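Okay, structure first, notes after.
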């Protein structure tokens, strides 16, 4: 399986300082990420996608950056 494009996220710790002050706004769904037959909600604000357990959307695939 070839990955057409990826984005390396080098500093997972920096995200906590970027979180919006309004947690109510972060609960608003603004879109969807569709991968195969799976549908993941995209919420307003920062959406972390990866293998790390702290991510909002978790993919259990070793080809995806943790």
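Numbering (my numbering), first residue to last: 46 to 111.
Glycine residues also receive a C-beta, built at the ideal position from the N, C-alpha and C atoms.
Keep in mind that this is a model prediction, so the values were computed, not measured.
Span of the beta strand (DSSP E), counted from its first residue to its last, around residue i
| i | result |
| --- | --- |
| residue 88 | 83-88 |
| residue 109 | Run containing residue 109: none; DSSP gives neither H nor E here. |
| residue 93 | Per DSSP, residue 93 belongs to no beta strand (DSSP E) and is neither H nor E. |
| residue 79 | 74-80 |
Rounded C-alpha distance that separates residue i from residue j
| i | j | result |
| --- | --- | --- |
| residue 81 | residue 95 | 16 Å |
| residue 75 | residue 107 | 28 Å |
| residue 104 | residue 89 | 20 Å |
| residue 78 | residue 99 | 18 Å |
| residue 97 | residue 109 | 10 Å |
Assigned secondary structure, residue i (DSSP; H/G/I helix, E/B strand, else coil)
| i | result |
| --- | --- |
| residue 99 | coil |
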